[in-house]
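Chains as they are written, first to last, in my numbering: chain A, 1 to 133; chain B, 1001 to 1300.
Only one structure is covered here, and it is reproduced in the block below.
Here is the structure:
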């Protein structure tokens, strides 16, 4: 009984390894892209607690985005494999602009940080802006 | 009866995943992501170990319940379809509880933790179902006189049925089938995080339970489905996927005032004593009240 269960486990383990290797070699490793601003808005609206963006900027490579809502809150879209996750940032956001890149750290992002290529708009997003009226 | 149909279905699961991978390569490359698939399959493998460790105890409990009840249906042929249908009803009750009671959700959430929806997602089965006491939903069938072996086989067949509906390859099936059975379309709705779809379509095999109990929503092709959980994990870490909600419960119970501690176990996911979080009901209400969706609702 024990031997057959062990054999079944080892067989399943081998099958898991084979499928994962196949997935890798078939090219399912590339990251996702945000197609346009409309898709970014839809993704921002899925942020926990809700988020209705009034201003959105996409990363030049479409691998992320940043948005502001009417109350002046900031949220980001960060890549996760082929998908994106939306996070509304807390009050402890730290920004750093290097050329056209904006790097963001925040407790809402945990250990991760977000780097976005926003072109000329990088500095604009780094500065605190009063809520839109 | 020492027969687990799921064991015999595993090779078919693997072959179907390979077939879907090849189809996705040409038709829908965003359907799979290698790390996501690795996590799904590892969770599936781990769940078979958890099942092997606790399966004997579940069987013993069913035998005990069957032994103390004065009812005995036996192995009559007609008992099989009846047991399958009633087991599916029991599954509906379990599954609805698994989404509406945080204690059961903590065990079930790993099934929803992927942002992809493909056949590998189906294998994200629970490791902690026994600890969460999920087996209590099957005990009424044993008390009603059904043979424990029959209950377990029917449960296994139900699980096998649910495998193939985790796919985007199939859009819609014939109308009569969509009306009665759980299908890929109905189950995509169940895995969605779109506000309108939250906590809908709990069915295992027969979608009629959702229609009877008011939890059915059909898939709207105009509203692209996004998969996962409301607070997306953002991690492929196997242990995080399996245990994160249990840790979150422990943290909430520890921090909550005494009179609210138990509520963090039995209230719905997203409930908080200070109203700082959102339940699925609150998210749907917020979505319903958004001006653009009010217009949509009126028009639909």
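Glycine included, each C-beta is placed from N, C-alpha and C at the ideal position.
None of the values given here were measured: they were computed from a predicted structure.
Query, Result
"On a Cα-Cα basis, can you pick out the residue from 32/A, 125/A, 77/A and 106/A that is closest to residue 99/A?", "125/A"
"At a cut-off of 7 Å, would you count residue 1045/B as near the ligand PLP, judging by its Cβ distance to the nearest heavy atom?", "With respect to the ligand PLP, the structure offers nothing, as it holds no ligand at all."
"Is residue 1031/B near residue 1168/B, with beta carbons less than 8 Å apart?", "yes"
"Kindly list the residues whose CB is nearer than 6 Å to the CB of residue 1079/B, restricted to its own chain and excluding five residues on each side of it in sequence; keep chain order.", "1073"
"I need the DSSP call for residue 1235/B, collapsed to helix, strand or coil.", "coil"
"Where does residue 1008/B fall in DSSP's three states?", "helix"
"Count the other C-beta atoms from every protein chain shown that fall within 10 angstroms of the C-beta of residue 1175/B, then say buried if there are 16 or more, exposed otherwise.", "exposed"
"Which bits of chain A does residue 1007/B rub up against, with CB to CB less than 8 Å?", "8"
"So what does residue 53/A bridge to, in DSSP terms?", "69/A"
"I want to verify the contact list: residues of chain A whose CB lies under 7 Å from the CB of residue 1036/B, in sequence order.", "81"
"Enumerate in chain order the residues of its own chain whose CB-to-CB distance from residue 1071/B is below 7 Å, with the five nearest sequence positions on each side excluded.", "1144 and 1145"
"Does any residue of chain B bring its CB to less than 8 Å from the CB of residue 113/A?", "no"
"Restricting to Cα atoms, I'd like to know which of 1265/B, 1139/B and 1131/B is closest to residue 1060/B.", "1139/B"
"With a threshold of 6 Å on Cβ separation, who are the neighbours of residue 1156/B within its own chain once the five nearest residues in sequence on each side are excluded?", "1004, 1005 and 1006"
"Would you say the segment 1127-1139 of chain B touches the segment 1048-1059 of chain B, given that touching needs at least three Cβ pairs under 8 Å?", "yes"
"How big is the Cα-Cα spacing for residue 1025/B and residue 103/A?", "34 Å"
"Using a C-beta to C-beta distance shorter than 9 Å, which residues of chain A count as neighbours of residue 1230/B?", "46 and 48"
"At the 8 Å Cβ level, is residue 1365/B part of the contact set with chain A, yes or no?", "Given a span of 1001 to 1300 for chain B in the structure shown, any question on residue 1365/B remains unanswerable."
"Just the Cα atoms here: how many angstroms apart are residue 1151/B and residue 1087/B?", "7 Å"
"Please list, in chain order, the chain A residues whose beta carbon lies closer than 8 Å to that of residue 1018/B.", "19 and 22"
"For residue 1278/B, which residues in the same chain have their Cβ closer than 7 Å to its Cβ, ignoring the five residues on either side in sequence?", "1270"
"At a CB distance below 9 Å, what residues from the segment 1279-1293 of chain B approach chain A? Give them in sequence order.", "1283, 1286, 1287 and 1290"
"Given that a residue counts as buried once 16 or more other Cβ atoms are within 10 Å of its Cβ, and exposed if not, what is residue 131/A?", "Reliability fails at residue 131/A, whose pLDDT of 47 lies under 50, so the model's placement of it is uncertain and the value that follows must be treated cautiously. By the 10 Å Cβ count, residue 131/A comes out exposed."
"With DSSP as the reference, label residue 1018/B as helix, strand or coil.", "helix"
"Taking C-beta pairs closer than 8 Å, name the residues in chain A that residue 1042/B reaches, listed in chain order.", "16"
"Which chain A residues sit within Cβ distance under 7 Å of residue 1030/B?", "32 and 82"
"Would you call the segment 21-34 of chain A and the segment 44-51 of chain A in contact, with 3 or more CB pairs under 8 Å?", "no"
"Does the distance from the CB of residue 1116/B to the CB of residue 1227/B come in under 8 Å?", "yes"
"For residue 105/A, which residues does DSSP report across the bridge?", "94/A and 113/A"
"Taking residue 105/A as the reference, which of 90/A, 122/A, 64/A and 81/A has the closest Cα?", "90/A"
"At the level of alpha carbons, what is the spacing between residue 1202/B and residue 115/A?", "39 Å"
"Any idea if residue 1123/B is buried or exposed, counting beta-carbon neighbours within 10 angstroms, 16 or more meaning buried?", "buried"
"Would you list, in chain order, the members of the segment 1197-1211 of chain B that have their beta-carbon closer than 8 Å to a beta-carbon of chain A?", "none"
"Which residue comes first and which comes last in the beta strand (DSSP E) that contains residue 78/A?", "74-80"
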